[in-house]
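Here our numbering is used: position 210 in the sequence shown is 208, and no number is missing along the way.
Backbone N, C-alpha and C fix where the C-beta goes; we use that ideal spot for every residue, glycine too.
This report concerns only the one structure given below.
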Amino acid sequence: MKYILAFIVSGMYMSADLRKPFNPILGETLEGYFKDGTRIYMEHISHHPPISSYLIEGPAEYAFKMYGAVEFKGSIKNKGNVLNIFFEGANYVEFPDGHLIEFHYPTTRVSGLMWGERTVNIEGTGILIDHDHDTRGIVVFNPESPEFDVTTEPTSFEGLIYTSESKELQKKKIASLKDVTDIEEEICDVWGNVLEELLIDNEKFWEIDSYTPYRCFPMPTSLPSDCRYREDLLWLQYDNLKYSQEWKGKLEVQQRHDKKMRLNCEKARKKKKTKFVGV
């Protein structure tokens, strides 16, 4: 659990990006690999609500699997100046012996949308659950200061690995470790800074300046639905904003047409009780 917790937190800083997004199209996929042999597969499986699923397969010597489906939800606060982004859905790391660890992502908070400085922070809690051993890990991002005269940086975090027989996630808001109510026995402490380092019981598991994240390379052969083949993205790579915008509009029209066809097919199937191949 220590290494999984350290891995999840290590990539948090890479999720902050203020560039204009290109929303994935329903059925759009991504297939890639890393230099150590790890493979990754992703697909956008729902447009309303937006849900993306993924599968990561480790190299042969480790043979782990990491998978899940994440629903993206947003909440506007402070008269439209703050956007909270929630990543709902369980994620799993599975090992060859069947050992399974479940984890949940924290919240991303974007401030300064209408006025003020634009900032992106990780907030809330990241939770890991080992059901086989009644063990949990929790990381509280941007926690409340323990005392009035003590301040913490927005990028700091504190955490704990502990035993718990609780079968459900805590519903009460967790602003700091003192709010965690299902602790039976503490195993080790976790603390650090998203932009600096992570320590577990004074052992440093990573330091941001001492490693470079692996680059994901595209598979030599991929499905026609792979995101590399999107015309709007291809034109954007050549800095042709005009053609990129035109193709973005065409793809959106095609997506609405496909949705209409699916709905019509479903209505016809229910009305006439007609069986369609693949439906």
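For residue i, the first and last residue of its enclosing alpha helix (DSSP H)
| i | result |
| --- | --- |
| R254 | 239 to 270 |
| E229 | 229 to 235 |
Nearest residue (CA-CA) to residue i, options the options
| i | options | result |
| --- | --- | --- |
| E205 | N191, F215, M217, P218 | N191 |
| F155 | E182, E86, L197, K169 | L197 |
| M12 | I99, V138, T27, T210 | T210 |
| R107 | N262, T153, V68, S143 | T153 |
| K33 | Y212, Y241, Y236 | Y212 |
| F70 | E142, E55, S174, P104 | P104 |
| H45 | E250, K269, A266 | E250 |
| D199 | P141, I43, I159 | I159 |
| G25 | H42, R254, K265, Q168 | H42 |
| M64 | R116, K202, I2 | I2 |
Delimiting residues of the beta strand (DSSP E) encompassing residue i
| i | result |
| --- | --- |
| A67 | 63 to 75 |
| K0 | Unbroken run through K0 is the alpha helix (DSSP H), 0 to 8; no beta strand (DSSP E). |
| F85 | 80 to 86 |
| K202 | 201 to 205 |
| S51 | 49 to 55 |
Where residue i falls, given that 16 or more other Cβ within 10 Å makes a residue buried
| i | result |
| --- | --- |
| F146 | The predicted position of F146 is uncertain, since its pLDDT is 49 and thus under 50; no value can be drawn from it. |
| F304 | This structure does not reach residue 304, given that the chain is present from -1 up to 277, and the question cannot be answered. |
| V277 | Legend: pLDDT at V277 = 49, less than 50; position of this residue unreliable, no value from coordinates given. |
| P216 | exposed |
| E182 | exposed |
| I74 | exposed |
| G78 | exposed |
| G124 | buried |
| L239 | exposed |
CB contact flag (residue i, residue j, <9 Å)
| i | j | result |
| --- | --- | --- |
| A61 | G87 | no |
| T27 | S220 | yes |
| L126 | F93 | no |
| G30 | P57 | no |
| P48 | N21 | yes |
| D128 | H97 | yes |
| R37 | E55 | yes |
Problem set entry | Segments assigned beta strand (DSSP E), at least 3 residues, entirely inside the region 128 to 180 | 133 to 139, 154 to 161
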